[in-house]
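Residue numbers (this note's numbering), protein chains in the order written: chain P, 8 to 319; chain U, 8 to 319; chain C, 8 to 319; chain G, 8 to 319; chain R, 8 to 319; chain W, 8 to 319. Ideal placement from N, C-alpha and C gives every residue a C-beta, glycine not left out. Values in this document were obtained by computation on a predicted structure and should not be read as measured data. Since the structure comes first, as structure tokens, the remarks are kept for the end.
6 protein chains.
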Amino acid sequence: MSFRYLSPGPQRVFKDRFTTKVDEKKQWFEQGRTGEIGLLGLPYSKSSISVSQASEAPQSIRRALGFYTTYSLEKDHDFTDVTMLDFGDAGVHPTDLERTTKQLQESVKEMLDAEACSRYILLGGDHGVSFPSISAFHERMGRVGVLQWDAHHDVRNTKDGGRTNGTPFRSLLESGALKGEDLVQIGIRDYSNAKEYGDYCARQGVTVYTMADVEAGDITSIVKKEIQRLKQQVDVIYLSVDMDVVDQAFAPGCPAIGPGGLTSRELLLSVQAASCDPIVKAMDIVEVDPSKDFRDMTSRLAAHVMMRYMFQ
Amino acid sequence: MSFRYLSPGPQRVFKDRFTTKVDEKKQWFEQGRTGEIGLLGLPYSKSSISVSQASEAPQSIRRALGFYTTYSLEKDHDFTDVTMLDFGDAGVHPTDLERTTKQLQESVKEMLDAEACSRYILLGGDHGVSFPSISAFHERMGRVGVLQWDAHHDVRNTKDGGRTNGTPFRSLLESGALKGEDLVQIGIRDYSNAKEYGDYCARQGVTVYTMADVEAGDITSIVKKEIQRLKQQVDVIYLSVDMDVVDQAFAPGCPAIGPGGLTSRELLLSVQAASCDPIVKAMDIVEVDPSKDFRDMTSRLAAHVMMRYMFQ
Amino acid sequence: MSFRYLSPGPQRVFKDRFTTKVDEKKQWFEQGRTGEIGLLGLPYSKSSISVSQASEAPQSIRRALGFYTTYSLEKDHDFTDVTMLDFGDAGVHPTDLERTTKQLQESVKEMLDAEACSRYILLGGDHGVSFPSISAFHERMGRVGVLQWDAHHDVRNTKDGGRTNGTPFRSLLESGALKGEDLVQIGIRDYSNAKEYGDYCARQGVTVYTMADVEAGDITSIVKKEIQRLKQQVDVIYLSVDMDVVDQAFAPGCPAIGPGGLTSRELLLSVQAASCDPIVKAMDIVEVDPSKDFRDMTSRLAAHVMMRYMFQ
Amino acid sequence: MSFRYLSPGPQRVFKDRFTTKVDEKKQWFEQGRTGEIGLLGLPYSKSSISVSQASEAPQSIRRALGFYTTYSLEKDHDFTDVTMLDFGDAGVHPTDLERTTKQLQESVKEMLDAEACSRYILLGGDHGVSFPSISAFHERMGRVGVLQWDAHHDVRNTKDGGRTNGTPFRSLLESGALKGEDLVQIGIRDYSNAKEYGDYCARQGVTVYTMADVEAGDITSIVKKEIQRLKQQVDVIYLSVDMDVVDQAFAPGCPAIGPGGLTSRELLLSVQAASCDPIVKAMDIVEVDPSKDFRDMTSRLAAHVMMRYMFQ
Amino acid sequence: MSFRYLSPGPQRVFKDRFTTKVDEKKQWFEQGRTGEIGLLGLPYSKSSISVSQASEAPQSIRRALGFYTTYSLEKDHDFTDVTMLDFGDAGVHPTDLERTTKQLQESVKEMLDAEACSRYILLGGDHGVSFPSISAFHERMGRVGVLQWDAHHDVRNTKDGGRTNGTPFRSLLESGALKGEDLVQIGIRDYSNAKEYGDYCARQGVTVYTMADVEAGDITSIVKKEIQRLKQQVDVIYLSVDMDVVDQAFAPGCPAIGPGGLTSRELLLSVQAASCDPIVKAMDIVEVDPSKDFRDMTSRLAAHVMMRYMFQ
Amino acid sequence: MSFRYLSPGPQRVFKDRFTTKVDEKKQWFEQGRTGEIGLLGLPYSKSSISVSQASEAPQSIRRALGFYTTYSLEKDHDFTDVTMLDFGDAGVHPTDLERTTKQLQESVKEMLDAEACSRYILLGGDHGVSFPSISAFHERMGRVGVLQWDAHHDVRNTKDGGRTNGTPFRSLLESGALKGEDLVQIGIRDYSNAKEYGDYCARQGVTVYTMADVEAGDITSIVKKEIQRLKQQVDVIYLSVDMDVVDQAFAPGCPAIGPGGLTSRELLLSVQAASCDPIVKAMDIVEVDPSKDFRDMTSRLAAHVMMRYMFQ
């Protein structure tokens, strides 16, 4: 007996025969499968200083992929040839946060060890996940350069609260997984950081672009210039996109929203400009809290950032 | 190579080794599988008189099953022995509504023809789905008795707008799939219906209990009495639960909310009282619009109604 | 030329030929028209102690009438014979609040002077409107008895803030428009009033029923008993329904919400019990703030209260 | 007897003697009346692929007119001389969607046949309404040129779901009501369309401007250039404004919101630039769903677009 | 120089000279001060299984005290003689959760050691705080009896996630701080617990009342009976009020909301009944998440519970 | 006895030893204290034409200061040397609005008379507060120049509604506290004002920049030019920032939101440009209604505006 009308399984959605949704090009990883992009969720935000539900973002951003198609008219190409392998979400522990950090790092390494993909996307989680994630890339791929879109330096001291979402780049610089000269911060905002941490970045040789730099120049040129510089000295470049670099009007679902940031178009264009160089092998997107958002706007923007990275 | 930390697949949730969530007892139907309860979504609400997103309820109610466990302390039993076979959601068409109605009826019949379950749950959708659903049960199981929890008679004329969510019982009575003497309406509310339709029910021999009847008596006794009466005359009893029978305070996500209805406890107790007789073979739950709800309260209540029906 | 498809005018809604919506029985007052119920909006809440948008309630409650029909199955009667004459909303001034109070009182008197209706409904606004409204009834109809559903005494002193929504019954008792022995308060809640005002009511001979009295007895009996008592001594009875007498779960849109109040069913039944005596000539409904509500629940309840009063 | 204080009728609002609100210049059409602008609501969104309440937009946009005045300081003119005749909302059917499409087309033709106005505004509804609306203009006015502000091509095949909000321009091109060379699409967004439909537009000779074109140039110049081109070949130009061309930050109430679109200023300036040529006789505004909006922002923007079109 | 109009300091609120708000009777503890009630916030919810912002509840419940007065008409007493000493909020650590638990316990002990009050209120936080809090009472006051209002047993195993908000009574029973025979659970709900934990409670000699017990009897009598039993065997009684014992309609802001629970009136009356015995020395209120609430309803209910406990 | 763990007092927040939050530099004024910036709340919005809760903004903007630090990377300076003296909120009366206006003016004068600060910030309230505030500056400091960021002229006649939030600059010009040639309006929007009031401004010699002027030029240059002009003729310059000058996407919490306004970056840059001249001694920020906002976005923007003014 076979069904004519029934089709047991997940929710049915309207299907246009000519349209390929981005999530149709995503498969769960299985041994032997390969794909262009490896995707891993790092659903971890309990160590945020304020209460954060950014741990829900891997799910909401994946859902938002269903709003998009694979076709770029501007590039005149249908990226149905780019497939994603989804490694699922790394496991976390309800109360042992140090153990969770270790599990995240091991999870990223296991994904890299599978050697199934050529580029990677990591979905946070709060910005704390960039510490284990970049550490794993460093362990497996050598010297890592990082372009960090962010309103904040994220180099707080770890004495006052342990490893939080304010400390990932401090931890990376201090552990040696990242050199100051290999870190570029874009979109840093006034009155959102402490002087000690601005000075710390300067002492470490971090390159910092403020919003005034963005206003004065052209963010796309900044990004291209820094990619060219970094590729002289590193083995791989990792983009770390803290969505709070964007003005609160365009990304209302970040925990630490504020005015005076990037527009959505500035973010999309600059990520696209960075991603076209093959040395860029990884990107994380962090600090999206779906519970604070309006109509998943911030997850939709995050998913659009993914396309700008994936489809070159 | 196998993973120690990774486990590609859907979202991970916290697992307590001793707890069985209700949705863990649900499987997608496959040929050869059997189970106590057959579940089918009827995600259809475009024919609602007002714009309704009740078509999203099958998904939200299924998700709400994850909030509940299989264990009843009051009955001192863990219903891990009751399994659900999920036949998925019936297919609908974006613009051809008559075709959709036929597909819904065929879908229910296909589920019954599979003979894989002994009892069934249908998740609307708006109340319009009860017409194809009960018609299908009539075709396959003979004379059907219906207990309808509802603030409204739902016997509007079909001339003014075709088959809408206000007409299912009119359509059933006129098509012969249901006799007036086999229909019991509970919770009918003043100032929410037209006199012509109250009179129509009387002419058809429908048994009607108003909210004043509920206030005066005991809804559990009413339900038990009517089950006893119906089982003398019908082959099978079908419960049709329009969630707007409940006061708006307890079911804020129904399209047609209003005050003066049942409490959540009255609904749960009366459905439980009805469901303990084995002649009750089916239940539908309709008129939950997740887009209008607060914190999925109405889907949570609907899921709790499912447990009261399933776990006897 | 005449149109076959077009029909310029306000929004079209679905019309079932057998259904009479309550708002279809409402007409704007014009000279010469008469009707059972006179309706007047008193959109005044700037003198509320907290910021209140209760001034929007006359519009939202009128709209909510469109959710209801004229038919009571419990009374087996279709009240299409009860018509409402709508006198619109009284004018208010943006910054001169004393002038507004006078205008409200004159507006009510003008409506009464029209002698077009036999009973009246006044829609606040905050509870401050009951002072000019009851004063007007006193001027035109003689000795007034008042049944007040309320969590609060509303007899604050006027020295600390002038005439606010906390002072109407103080103003009425002091102006002589109302005698203490003619005032009955139902549903007064603990920890929501000052001792001085409880004592003031006692000194004035006001009859007070607390929530404990409601729990202990039967609110319908209380109401009937007090109507019988009052009608021995007054010329007319006026019901004043402050919606915050209702538990916050059932009336989430009142400015001063709180737990431990009446259920929606207790309110509807008690208003219905009070309204069946012909000496009851007026009712106001106050303290509904649509901007704070969820899905107009509180306006829906208020409109349902209107039906329980109108349809005897 | 006449009233001094009462004035039965719709809600009173504060009136400044020197201010003319835009909605004060709007009258319901009656035989014999003429006006500059004819206004018609097309409250139709049941054929949207996703559930849409865009059918409520004609009401919410009309209400938003009350937020605006007739005065432009930039043009140094008070447009109290421009009057609107409102033909109300076209009738729709709850369940017969094909019949509704025909009724919409007939309604637009009836409005044009009245010959009471020189320019027209149509308020959707979803984008599906542009098919009957532009068809009617084609029937009555000859060759029509269309400027379409949109993130999407809206030329889906009609086999997969019938005529939906994704198909209007396909239907127009195939029915011959519109030639490809007469259609200009502005603001088309990457990853929001299928390749087949981009190719279809190319084959049909449609002129397409992407967001990259907008970034690179000046949207006002694009619009002016295309108006000049079209006026060589068509009898009348029709502007079709799908509000989802705007970035989600500025139009949060569109069903298909997304990042990377126009700013509100780009939309207002480009519509103003297009509207100054007298060959532009009509504009529709579609895809505003008030139930999804925040503080009616999207309806406010739509109403502002109306002013930029009306007041030349 | 002194000010006539200015008064630098926190927000001014309207003051009625005869009204005492409950929060006016609250002072920060200082050495030497004494008061009837000691108040301490335990703002800790990072160990909740789901993300919880219950850590904000101590602030929102304190603010809600400002909605209430000290006067009970039912008891005919103005409780201005009952003062609260507020010990502030215990300190927590962003990432070291075990350390936080210890700090909470030490904080409660320090408050008790101050010997400044005769009764205590602890404001969670999630239910996890009851473990350190009751442990502290046990250390300082001897054998503790506990009345727990709760939908859940909260005796999960600690192996699957460490000490979470699902484990406090397991931890207490295993550490010896509480004996099973001294624990009474009221309002336990079907399909919300695991069989293993129901059995565990039975094995430990815990007394359990389900919602069916509440329906069948009278919750006030249940509470009084159990207080009488416990006082034979313990030194002090501690009330632990998990607000999710209440139906979701009345407490919409609990993390784990659901239908079929207590009404607000049942909760208030039963806490009042329990609190009148002088052996009751402490109460905690937990699982209120202000970020999920509607209009602070759940915090308002929590504050009302405080009054029922404080004012005897 | 001293506490090791307890610290009675207001809510504890996470403290990073190197970070100075802006609100840490704020103290309540006391006799003898001096500081750079004097801060005063003017919590007054009852005279708004529409119901407004802008009276809550002084509290919400103060709270938003806690989101910001004192450090500017762009200026390479940590403004820990700039202290704020907070004079609290001026007292208002619930029903006597004229009296309130006088109290506001006296309050500002008392603050100035204290001679404790060199520059001032006034937090409204609605725009009506600028009348008493600027009047006070005029009385104490002589000829005042005003830069007004606003979508509206705010020079309505006072006959139609008394002194409302639409009249402050009319009142100032007519009372002689401000000369037309000393008033500059920036960001005035089309279709948001009446011709009479545009003409009135022209007759009074007010300098007006529309949004078209902003689009055409550079708002920073406009501001600098006008500061230079004004300082030739006035004793002191006062900035009056009506937040509705900003596009609704960036300031969703203003009562009179609309599209086509400034971006957040345009506002921040232009206020910063204005504030660097020492003749600028005061700024007010008005028309933020926290009850209408999304995630306090508009209060966050207002607080950021404060920093741009304070930190030079």
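Below 6 Å CB to CB, which residues in the same chain sit around tyrosine 216(G) once its five sequence neighbours on both sides are set aside? Ile193 and Ile229
Below 8 Å, how does it come out for the region 42-50 of chain R and the region 20-31 of chain W: are there three or more Cβ pairs, yes or no? no
Less than 8 Å between C-beta atoms, sequence neighbours within five positions excluded: which residues of the same chain meet that for arginine 40(G)? Gln34, Leu92 and Ala123
Given a threshold of 16 other Cβ atoms within 10 Å of its Cβ, counted over all protein chains shown, does serine 182(W) qualify as buried or as exposed? exposed
So the beta strand (DSSP E) lysine 33(G) belongs to, where does it begin and stop? 33-35
Would proline 262(C) and serine 55(C) qualify as a contact pair, given that the criterion is a beta-carbon distance under 8 Å? yes
Selection from Ser178(P), His159(P) and Ser137(P) that minimises the alpha carbon distance to lysine 166(P): Ser178(P)
Do valine 115(G) and alanine 143(G) have their CB atoms nearer than 8 Å? yes
With 8 Å set as the bound, which would you pick, yes or no: does the beta-carbon of leucine 46(R) sit closer than that to a beta-carbon of chain C? no
I need the boundaries of the alpha helix (DSSP H) containing glycine 205(G), first residue and last residue. 202-211
What's the call for glycine 173(U), buried or exposed, on a 16-neighbour Cβ count within 10 Å? buried
For tyrosine 316(R), would you say it is in contact with chain C, using Cβ-to-Cβ distances shorter than 8 Å as the test? no
Neighbour list for glycine 95(U) in chain P, Cβ cutoff strictly below 9 Å: Leu13, Ser14, Pro15, Gly16, Pro17, Gln18 and Arg19
For tyrosine 127(R), the three-state DSSP class (helix, strand or coil): strand
Tell me where the alpha helix (DSSP H) around threonine 305(C) begins and ends. 304-317
Give the residues from the region 109-121 of chain U that approach chain P closer than 8 Å (Cβ to any Cβ), ordered along the chain. Gln110, Glu113, Ser114, Glu117, Met118, Asp120 and Ala121
Mind checking if glycine 98(R) is an interface residue toward chain W, Cβ cutoff 8 Å exclusive? yes
According to DSSP, simplified to helix, strand and coil, what is lysine 288(W)? strand
9 Å Cβ cut-off: residues of chain G touching isoleucine 56(U): Pro101
Chain B partners of serine 79(R), CB-CB under 7 Å? The question asks about chain B, but that chain is absent: this structure's protein chains are P, U, C, G, R and W.
Return the chain-ordered ranges of every beta strand (DSSP E) run that is complete within the region 172-242 of chain P and spans a minimum of 3 residues. 190-195 and 214-217
Own chain partners of valine 191(G) with C-beta closer than 6 Å, once the 5 adjacent residues on each side are dropped: Leu154, Thr214 and Glu233
Using a beta-carbon distance below 8 Å, is aspartate 30(U) in contact with chain R? no
Assuming valine 151(G) is part of the alpha helix (DSSP H), what are its boundary residues? Element bounds for valine 151(G): not the alpha helix (DSSP H) but the beta strand (DSSP E), 151-156.
In the DSSP assignment, what residue or residues form a beta bridge with methionine 91(R)? Lys33(R) and Ile44(R)
Closest Cα partner of phenylalanine 138(R) within the set Glu117(R), Ser125(R) and Lys109(R): Lys109(R)
Limits of the alpha helix (DSSP H) - the one that valine 252(U) falls within: From DSSP, valine 252(U) is part of no alpha helix (DSSP H); its letter is neither H nor E.
Suppose the cutoff is 7 Å on Cβ atoms and the five residues either side in sequence are ignored; what does the same chain contact list for aspartate 300(C) look like? Pro259, Gly260 and Ser306
Let me know if glutamate 105(G) comes out buried or exposed under the rule of 16 or more other beta-carbons within 10 Å of its beta-carbon. exposed
Near-chain P residues of the region 244-263 of chain G - C-beta to any C-beta below 7 Å: Asp254, Gln255, Ala256 and Pro259
Check the DSSP bridge columns for isoleucine 244(U) and list the partner residues they point to. Gly152(U) and Val287(U)
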